[in-house]
Structures are given as structure tokens and as C-alpha cells.
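Notes follow once the structure below has been shown.
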Amino acid sequence: AVCYFNPTPCKDPPDKLFTVHGLWPSNLNGPHPENCTNATVNSQRITNIQAQLKIIWPNVLDRTNHVGFWNKQWIKHGSCGNPPIMNDTHYFQTVINMYITKKQNVSGILSKAKIEPVGGKRPLVDIENAIRKSINNKKPKFKCQMKNKV
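1205 is the number of the first residue of the sequence shown in the numbering used here; add one for each residue after it.
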């Protein structure tokens, strides 16, 4: 979706895999908190998880600058998650854990329901039902974006 809706085209063809778009803390009411600190990512601390992050949370607009992309995500969103997010490493490890081990691998969930990222359209209810089935019938939150809006 990022490649389709962004005015800057993706540098490489997207993988046939649903990937993480972001992990944002939220308020029960009002806007999501943003830019809670200017602390940057310690790239040395995330060295051992970068390979996983490149697969599940790639910078699809510039495949040569994943760390820069993750740094922006951490500053804008992750830094607002304290508590329970303790630091940048914990933020990124949480994304990996949610995607791989906590039954929140959206790519796997949708693939199991025969919903693949091949450019076709699917009714939102099909996507919602597939996700609900996998997460104890909890309703997922969707954010739709029109092509002419960025």
C-alpha cells in the first residue's frame, strides 16, 4: 500500500509479503502521541536484529536506508511508548515478537485465508474476518487511505 499511495515510487518491487507499517502508542481519546524524545536509534544495539527487521519492516521507499527509516519511526512513535517500551531495542524487538511469535503475523494470517498481496481488491470484511479468527475475535483497527491523499 505504501508503494501504491506514495508519490515517491518504491525503489525495488515490493516483496509478496505483508509487512509491518508501524507500531504506534495510542491514547484512548485524542491523537496518537508523537516525537516524545529526540533520542536516536543506537544502531550497534540493534545490529543482531536488523536482518529480521529488513524482512518484516523494510524501508520500501529506499532499500539502502533501513536504519534511517527505523530511526524516524523510533523518534516519532517508539519514544512515546515508555512505559512499557523501555528503549529503542525493546521497541524493535516488540515489533519482531508481535509479527513472529504473538499470532500477529498479518502476512501469515491473511495468506492462510487465501488473501495475498498481489494487487487485487478484497472486501474489507474478508480481511477483518481473517484477522478476527486469528486473534480471539478481537476487532482490528484499520486505517484506509485514498490514492489521491498522502
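Here a beta-carbon is modelled for each residue, glycine too, at the ideal position from N, C-alpha and C. What you are looking at is a predicted structure, and each value in this text was computed from that prediction instead of being measured.
- [ ] Excluding the 5 residues preceding and the 5 following residue 1319 in the sequence, name in chain order all residues of the same chain whose CB lies nearer than 7 Å to its CB.
- [x] Within the sequence shown, residue 1319 is the residue found at index 115, counting from 1. Correct list, in chain order: 1326, 1330, 1331, 1334.
Open item on the list: Between which two residues does the alpha helix (DSSP H) holding residue 1296 run?
Closed with: Stepping through the sequence shown from its first residue, residue 1296 is reached at position 92. Note, residue 1296: alpha helix (DSSP H), 1292-1304.
Task: Whole-Å CB distance - residue 1264 paired with residue 1206, under 8 Å assumed - done: If you number the sequence shown from 1, residue 1264 lands on position 60. If you number the sequence shown from 1, residue 1206 lands on position 2. Their Cβ separation, rounded to whole angstroms, is 5 Å, which keeps residue 1264 and residue 1206 in contact under 8 Å.
- [ ] Note down the Cα distance separating residue 1279 from residue 1295, rounded to an integer number of angstroms.
- [x] Here residue 1279 refers to the residue found at position 75 of the sequence shown. Here residue 1295 refers to the residue found at position 91 of the sequence shown. Cα-Cα distance, rounded: 11 Å.
Task: Classification of residue 1225 by the beta-carbon crowding that lies within 10 angstroms, buried from 16 upward - done: Position 21 of the sequence shown, counting from 1, holds the residue named residue 1225. Under this definition residue 1225 is an exposed residue.
Open item on the list: Using the three-state DSSP reduction, which class does residue 1289 fall into: helix, strand or coil?
Closed with: Numbered from 1 along the sequence shown, position 85 holds the residue referred to as residue 1289. Coil at residue 1289, not helix or strand.
- [ ] Go through its chain and collect everything with a Cβ distance to residue 1354's Cβ below 8 Å, but skip five positions before and after it.
- [x] By 1-based counting over the sequence shown, the position of residue 1354 is 150. Because residue 1354 carries a pLDDT of 44, less than 50, the predicted location of this residue cannot be relied on, and the following value inherits that uncertainty. Counting only Cβ-Cβ distances below 8 Å, and skipping sequence neighbours, we find 1209, 1210, 1211.
Open item on the list: Tell me the residue span of the alpha helix (DSSP H) that contains residue 1274.
Closed with: The sequence position of residue 1274 within the sequence shown is 70, counting from 1. First-last of the alpha helix (DSSP H) with residue 1274: 1270-1280.
Open item on the list: Using 8 Å as the threshold, is the C-beta distance between residue 1299 and residue 1271 below it?
Closed with: Translated into the one-based positions of the sequence shown, residue 1299 becomes position 95. Translated into the one-based positions of the sequence shown, residue 1271 becomes position 67. Not closer than 8 Å, so no.
Open item on the list: Quick check: what's the CA-CA separation for residue 1344 versus residue 1277?
Closed with: As a first step, residue 1344 must be located in the sequence shown, where it is residue number 140. As a first step, residue 1277 must be located in the sequence shown, where it is residue number 73. In a straight line, the C-alpha of residue 1344 is about 21 Å away from that of residue 1277.
Open item on the list: For residue 1308, which residues in the same chain have their Cβ closer than 6 Å to its Cβ, ignoring the five residues on either side in sequence?
Closed with: As a position in the sequence shown, residue 1308 is number 104, starting the count at 1. So the list reads 1302, once near-sequence residues are dropped.
Open item on the list: Out of 1328, 1324, 1317, 1313, which one is the CA nearest neighbour of residue 1339?
Closed with: Translated into positions along the sequence shown, residue 1339 becomes position 135. When each option's Cα is compared against that of residue 1339, the closest is 1313.
Open item on the list: Quick test of your reading: residue 1260 and residue 1292, contact by CB under 8 Å. State the CB separation rounded to the nearest angstrom.
Closed with: For this step, residue 1260 is matched to residue 56 along the sequence shown. For this step, residue 1292 is matched to residue 88 along the sequence shown. In fact, because the Cβ distance is near 16 Å, the residues do not count as touching under 8 Å.
Open item on the list: Is it buried or exposed, residue 1257, if we count other Cβ atoms within 10 angstroms and call 16 or more buried?
Closed with: For the purposes of this step, residue 1257 is taken as the residue at position 53 of the sequence shown. Classification of residue 1257: buried, given that the 10 Å Cβ count is 16 or more.
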